[in-house]
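Numbering (our numbering), first residue to last: 18 to 136. Just below is one structure, and these are the notes that go with it.
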Amino acid sequence: MQKSKMAVSLICSNTQSRVSSVLNRDVKQFGKKYMFDANEETCWNSDQGDSQWVVLQFPQNVRVSEVKLQFQGGFSGRKCRLQGSLQENDFTHITDFYPEDDNSLQISFSPMPQFSQNC
């Protein structure tokens, strides 16, 4: 009998992140650091507009097996796109997904390729 592997977060203290915008440029209250702080009372808030994005740069090779997202109800993206890259600005389309407009944790189990980042 094979044991199932539990998903482990790839986000670590050496993971670099960039975002498209921060609501009213108020990084103290809505900055990107709140995406991964495990506090349900905080979050990253982008400004309004189409094509908001998040870029994560991992310090080692990674294989993504699932993506977990949680939006504030009333503020979810209508259509989201997951892309990956071996080099910055050389993005490959992996999948599109359509999140529910609620506060639930949403998980995508799409088969995803391995992307490497050598530091």
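Built from N, CA and C at the ideal position, the CB exists for glycine as well. It should be emphasised that the depicted structure is a prediction, and the values quoted were computed from it without experimental measurement.
Using DSSP with H/G/I as helix, E/B as strand and the rest coil, what is residue i?
i	result
GLN69	coil
VAL79	strand
LEU27	coil
PHE47	helix
Output yes or no for whether 8 Å exceeds the beta carbon distance between residue i and residue j.
i	j	result
SER34	LEU86	no
SER37	TRP70	yes
PHE92	PRO116	no
VAL39	SER63	yes
Note down the Cα distance separating residue i from residue j, rounded to an integer number of angstroms.
i	j	result
ILE111	GLU83	12 Å
SER68	LYS96	10 Å
THR59	LEU103	31 Å
THR32	PHE75	5 Å
ALA55	ASP118	20 Å
ASN120	SER26	20 Å
Using DSSP's beta-bridge definition, name the partner residues of residue i.
i	result
GLN123	LEU86
ARG35	VAL72
Uninterrupted beta strand (DSSP E) stretches inside the region 81-113 (no shorter than 3 residues): 84-87 and 97-101
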